[in-house]
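Here's the structure, in structure tokens; my notes come after.
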Amino acid sequence: MSILDETFQLNNQNKIPKIAFGTWRLADGDQAYHAVAEALKIGYRHIDTAFHYFNEPSVGRAIKDSGIDRKDIFLTTKLPAEIKNYDDILKNFQESLDRLQTDYVDLYLIHAPWPWSDINLDYRYDGANQEAWQTMEEIYHSGRAKAIGVSNFDVHDLKNLQTMWTVKPAVNQIEYYIGWTQPKITAFTKSLGIQVEAYSPLATGGLATQDEIQKIAEKYQVSVPQIALKYVLQKDILPLPRATKSEHAKSNATLDFQLSDADMAILDRIPDTGQARHNVTMG
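Letter 7 of the sequence shown, counting from 1, is numbered 1208 in the working numbering, and no numbers are missing.
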């Protein structure tokens, strides 16, 4: 069985494909359209986009033109991080559905706990995030989002929602890659039964210079990106690799090998490359 056919089970019992095709930095128009169309041809059935990737129209068009039954595609999009109030959330969500040419998404995420203009500032948007989550729950109960979740939420942010949620987030999408595994938030998220998703699982290319990873890749006769993605999956975390070339998309989904415990331990000790996390992205 291909990894593209395997699934994790979310805490609302829905199934989610174990690997997603990420679309961050794929420009709206031909680039995003052709990348998603090719990914669907290869066999990807989990597509991840966001309002702030500005490519929802192309993603939606590629899905529609694929001829694949909508129910067979798991589609994620995200609420802009700066939108926290009830009316604007509902308005923006409907706009995303319209751009995607669909009447529901499989997963809808709050893209971040803070507005993008306030990334890494100390101020906490606790009240605003609680209002946002109440609205997300309403969307979930309407059936227009089959699951809801968050992105870039740390332990404090999840505990803040935990005081009031009636629907637990199904997913927390965070930056995660060899050398940057965010152990505190990862462990806490998992302890709540929330699926961790890994954006930037290839550290935006930063892992290619790591000799230890290269040695392990040579041992298994695979590429460094394949090692990086398999590492994430063996942590029971869902990676979202992006690819602009068909051969890379195919390679990212060819993961029919198992890393040994010893090699996983070596990868656990790889130092942070610093390639992606110092400026939290919209991944």
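Idealized CB from N, CA, C, for every residue including glycine.
Given the structure is predicted, the values throughout are model-derived calculations rather than measurements.
{"Query": "beta-carbon A1333 near the ligand ZN non-hydrogen atom, thresh 8 Å", "Result": "What this structure holds is no ligand at all, so the ligand ZN is not there to describe."}
{"Query": "Supposed contact pair Q1302 and G1261 - C-beta distance, whole angstroms, cut 8 Å", "Result": "4 Å"}
{"Query": "Extent of the continuous beta strand (DSSP E) to which S1352 belongs", "Result": "1349-1352"}
{"Query": "Alpha-carbon spacing of D1473 relative to I1379, whole angstroms", "Result": "8 Å"}
{"Query": "Proximal residues to T1367 (C-beta, below 8 Å), its chain only, five neighbours per side dropped", "Result": "E1338"}
{"Query": "Length of the line joining the Cα atoms of R1478 and Y1254", "Result": "Here R1478 scores only 46 on pLDDT, less than 50, and its place in the model should not be relied on; the value that follows carries that caveat. Each residue's Cα considered, the two are about 18 Å apart."}
{"Query": "DSSP state of W1315 mapped onto helix, strand, coil", "Result": "coil"}
{"Query": "Start and end residues, beta strand (DSSP E) containing H1247", "Result": "1247-1249"}
{"Query": "Any 3 or more C-beta pairs closer than 8 Å across the region 1384-1396 and the region 1455-1464", "Result": "no"}
{"Query": "Identified DSSP bridge partners for A1223", "Result": "Looking at the sequence shown, residue 1223 is not Ala but Gly. According to DSSP, G1223 bridges with D1249."}
{"Query": "N- and C-terminal bounds of the beta strand (DSSP E) containing T1208", "Result": "1208-1210"}
{"Query": "Residues near P1316 by beta carbon distance below 6 Å, same chain, minus five either side", "Result": "A1282, E1283"}
{"Query": "Beta-carbon proximity list for N1480, same chain, < 6 Å, skipping 5 on both sides", "Result": "Low confidence applies to N1480: its pLDDT is 46, below 50, so where it sits in the model is not reliable, and the reading given next is rough at best. So no residue of the chain qualifies."}
{"Query": "Of the residues V1397, G1268, L1403, the one placed nearest L1211, counting alpha carbons only", "Result": "V1397"}
{"Query": "With 16 other Cβ atoms within 10 Å as the buried cut-off, status of K1279", "Result": "buried"}
{"Query": "Sequence-distant residues of the same chain with beta carbon closer than 7 Å to T1336, five excluded per side", "Result": "Y1287, I1290, L1291"}
{"Query": "Burial state of Y1400 (16 or more Cβ within 10 Å)", "Result": "buried"}
{"Query": "Contact the region 1244-1254 vs the region 1322-1332: 3+ CB pairs below 8 Å", "Result": "no"}
{"Query": "The alpha helix (DSSP H) enclosing L1301, as first and last residue numbers", "Result": "1287-1301"}
{"Query": "Contact under 9 Å by Cβ, L1205 with I1217", "Result": "no"}
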